[in-house]
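Trainee: Pasting a structure here, questions to come.
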Amino acid sequence: MIVNDSASPTDAAVKHFYDREEFERTWLPASGGIVYVMRPVGKPTPSLTANNS
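In C-alpha cells, the structure reads:
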C-alpha cells in the first residue's frame, strides 16, 4: 500500500509504503476507515462485496 502523508515534515518524506495488515491496524482505529481512492480517468473502481468491503 502506498500512502502520501500530507502531515510529513518534508516533501521528500510524504510517500510511505505499508503492508496491508500494518496499514489497517494503524489507519482503521484513527480514521474509521475513510480514504480517498485515486485512479486514472476511465479506470473503474472494483465492485464492493461482503469479502472486500
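If you're matching positions, the sequence shown starts at 0 in numbering that gives the first Met the number 0 and goes up one per residue.
Glycine residues also receive a C-beta, built at the ideal position from the N, C-alpha and C atoms.
Computed from a predicted structure; not experimentally measured.
What's the gap between the Cα of ALA11 and the Cα of ILE1?
Mentor: About 14 Å.
Trainee: Over what stretch of residues does the beta strand (DSSP E) that includes VAL40 continue unbroken?
Mentor: Premise fails: VAL40 is in no beta strand (DSSP E) and is neither H nor E.
Trainee: Looking at the secondary structure, which residues open and close the alpha helix (DSSP H) in which SER7 lies?
Mentor: Element bounds for SER7: n/a, residue is neither H nor E.
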